[in-house]
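Q: The structure is given below, and queries will be raised subsequently.
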Amino acid sequence: MKMTEQAIEALSEAELAEALSQQGVDVTQYEGKAAKVNKALMM
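Just so we're aligned: the sequence shown equals residues 8 to 50 in the working numbering.
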């Protein structure tokens, strides 16, 4: 995702899940906000 770490961490868990889903990520593999943040930072 083309966002700063701070911007990603500021998103709600639902917003993160939606953004990751739009990138083709199966978010069911990532439980909790921290896991989703880490995945977003890897992209």
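Backbone N, C-alpha and C define an ideal beta-carbon position, used for all residues, glycine too.
So for K9, helix, strand or coil by DSSP?
A: What you label residue 9 is simply residue 2 of the sequence shown in a count that begins at 1. K9: coil per DSSP, three-state reduction.
Q: Could you tell me the distance, in whole angstroms, from the CA atom of E20 to the CA atom of A14?
A: Within the sequence shown, the letter at position 13 stands for residue 20. Within the sequence shown, the letter at position 7 stands for residue 14. Distance between the alpha carbons of E20 and A14: 13 Å.
Q: Which residues bound the alpha helix (DSSP H) around Q29?
A: Mapped onto the sequence shown, residue 29 falls at position 22. Run containing Q29: 20–29, per the alpha helix (DSSP H) assignment.
Q: At which residues does the alpha helix (DSSP H) containing M49 begin and terminate?
A: In the sequence shown, counting from the first residue as 1, residue 49 sits at position 42. Per DSSP, M49 belongs to the alpha helix (DSSP H) from 40–49.
Q: Alpha carbon to alpha carbon, what distance is there between M8 and Y37?
A: Sequence index remark: in the sequence shown, residue 37 carries index 30 (1-based). Sequence index remark: in the sequence shown, residue 8 carries index 1 (1-based). Cα to Cα, Y37 sits roughly 16 Å from M8.
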